[in-house]
Amino acid sequence: MATQRINDKDEHVNGLNRRLRELEAAYVGLGTSDDFEELFHIIHGPGWTTLPEIFLMNALVDAAESNVQDAQRLRTALLEGARTIGKASGE
């Protein structure tokens, strides 16, 4: 099967590069822990002893943990896929 090259003066690569830079910035932005310090302070205040509040927060934490795991898997797949393509093209 012949490989068809895109002849758009590397605009497709530049577009992908922009998107990857934005994704990189989003990952870096997740690195701050200031929000968690505020959460730790809030949950030790009044009103956090009832089952509905604990249930709600635990459900949100479960969803956030799942999203982080998905993001880690996607990041790995993105890098491994790019490496495979790079090797196949002789880079």
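Heads up, the sequence shown is in my numbering, so the first residue is -6 and it goes up one at a time. In this text, a Cβ means the ideal position worked out from N, Cα and C, and glycines have one as well.
Annotation note: the stretch -1 to 81 contains the following uninterrupted alpha helix (DSSP H) runs of length 4 or greater, listed N- to C-terminal: 4 to 22, 27 to 36, 44 to 81. In this structure, the alpha-carbon of residue 27 lies about 21 angstroms from that of residue 64. In this structure, residue 46 places its C-beta atom within 8 angstroms of the C-beta atom of residue 40. For residue 32 and residue 50, the gap between their C-alpha atoms comes out near 11 angstroms. If you compare the alpha carbons of 1, 17, 10 with that of residue 68, the shortest gap goes to 17.
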